[in-house]
Amino acid sequence: MTVHVPQNARPGLYTSKVTITSQSTGGREGKVTSVPLKLRVRDFSIPTVSRFQTVAPVQPEMTAWKISPVSSSGGTVTPRRVLDRKGNLQLDFAEFDKKVEARLAAGQTSFSIGIPYTGAGVFVPWAFDWRVPVEGQDATRRIYVNPVAREDLDARKPENQQSRKWFEQYITQFYNHLESKNWTKHWWIYAADEPHQAEWKEPLTRYFAIIRKCAPKLRIMMTREPTDYFGPHVDIACIMMNHLRSGTHETARKLGQELWCYSCGHLNNPGLTLRESPVDIRTWFWLQEKWQIRRVMLWHSSVYGHTFLKPGADGRGDGQVFYFRRRADEQDEVIPSIRAEMLRDGVEDRQYFHLLKQKARRAGDRIPTSLRDRAAALSKVPDSIARTQYEMSGDVQRLLARRVQIANVIEAIDAETSADKDK
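Numbering (the numbering used here), first residue to last: 652 to 1074.
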């Protein structure tokens, strides 16, 4: 059972009961069962949009599950693109600004530009294949904005020179606008997806260099392990869970790369398939805390049609963590799976860790040594809950007990610092 507590609820212990009326046959119809319910409301709150929010392609109504709407290819929010009379690509940011301002006001802090060069190791031409309106004309024009042609790396051919020019016009205007609005810190470009083949080294190295030239502070993300194989320009390494090791964050730190992770397919542990243990999905976020992983990316988070199996997918339910109830005259209803609930609970668990460490750091010597020591101990994820992605306890009671202890210390720190202020 999920209870949504209003922001203005008074802290304390609430009691109630849930009444279940049987509709079964065989003489049990109408039978009533009452289940007692106790709910403790804490004396602190966590943000609606977490600093650890998961990123994935989602519909707006899914954001209540701590998932930020992003896109791998098209971008989270994109400006209007148009060719002027001289054939130059121009951007209009009027509607773009309104959308971004609304999302920032709601607390979203992660936005993707998209435009990946590869998709799971395969060249992605559609990311650069655009149809744009032309100034003074009614029809749109199809243009290709790939900045690095694999067969012409130096862009010697006129058509490749034109493609590179359009790309540089796009990314330069986009970046300059973000800088003027002080938004650059929120944006990253999903530049390559799983480029494991050696053939991608040279084109990607050049692609990243062009991005860096046109947009010096824009963060470049690639779904691969932390590496300098493609030059010095990668800022975010998003690694698949089955490649993650305890020392991966040290490698990322040495390279100056932020570390993300993702789960895709049934080979990962934990995965997001129907067979997965819900508590393991939640414990996944405790492992991220342990290994200093900044953010989680989902390759998708919806349901396809009326089946649990997406054609071509390795595992049933992978990427399909929400269901929809179609309604004729009303908005479709979003129904979360238990996996979606565990993703949100895991994000909120990490927010507990952040609050604990933040409050202890700010309190400093104003709280007793014993309380500081307790906070320090609880700030670490014990091996008894999660040692590696293949060694998680699966013990929900142990996890929940640890979260209660963290919450108790957060409230104790607040009580001590409040008393200190009153003196």
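Even glycine gets a Cβ: it sits at the ideal position worked out from N, Cα and C.
Report the residue from D1000, G772 and R793 whose alpha carbon sits nearest the alpha carbon of R782.
Minimum Cα-Cα distance from R782 among the listed residues D1000, G772 and R793 corresponds to R793.
Segment limits, alpha helix (DSSP H) that includes D983:
From DSSP, D983 is part of no alpha helix (DSSP H); its letter is neither H nor E.
R782: first and last residue of the uninterrupted beta strand (DSSP E) it sits in:
Bounds of the beta strand (DSSP E) holding R782 are D780 to P784.
Near F818, what residues of its chain come up, given a Cβ to Cβ distance below 6 Å and the 5 sequence neighbours on each side ignored?
Closer than 6 Å at the Cβ level, and outside the excluded window around F818, lie V796 and P798.
Does DSSP classify Y1041 as helix, strand or coil?
Under the three-state reduction of DSSP, Y1041 is assigned to coil, being neither helix nor strand.
Is the CB-CB distance between L910 and Q943 below 8 Å?
Result yes, Cβ atoms of L910 and Q943 sit closer than 8 Å.
Is V700 helix, strand or coil by DSSP?
In this structure, V700 counts as coil in the three-state DSSP scheme.
Does DSSP put R731 in a helix, a strand or coil?
Strand.
Distance between G681 and K836 (C-alpha atoms, nearest Å)
A direct Cα-to-Cα measurement between K836 and G681 gives close to 58 Å.
Taking the alpha-carbon of E876 as reference, which of R926, C889, L742 and F825 has the nearest alpha-carbon?
Distances from the CA of E876 to each of R926, C889, L742 and F825 were compared; the closest alpha carbon is that of C889.
Got a sec? Which residues, its chain only, sit under 7 Å from P662 by beta carbon, not counting five neighbours each side?
Taking P662 as the centre and dropping the five residues before and after it, the same chain places the C-beta of V692, R693 and D694 closer than 7 Å to its C-beta, in chain order.
Start and end of the alpha helix (DSSP H) containing C865?
It spans K852 to C865 - the alpha helix (DSSP H) in which C865 sits, taken as one unbroken run.
Could you tell me the distance, in whole angstroms, from the CA atom of A1037 to the CA atom of S897?
C-alpha separation (whole angstroms): 11 Å.
Look at P987 and F973 and say whether their C-beta atoms are less than 8 Å apart.
Result yes, Cβ atoms of P987 and F973 sit closer than 8 Å.
Within the continuous beta strand (DSSP E) that includes S685, where are the two ends?
According to the DSSP assignment, S685 belongs to the beta strand (DSSP E) that extends over V683 to V692.
Identify whether I932 lies in helix, strand or coil by the three-state DSSP scheme.
In the structure shown, I932 adopts helical secondary structure according to DSSP, grouped into three states.
Could you spell out the range, first to last residue, of the alpha helix (DSSP H) harbouring Y618?
Since the first residue of the chain shown is 652 and the last is 1074, residue 618 is not available in this structure.
6 Å Cβ shell around A903 - same chain, five flanking residues per side excluded:
Taking A903 as the centre and dropping the five residues before and after it, the same chain places the C-beta of P877, A888 and L910 closer than 6 Å to its C-beta, in chain order.
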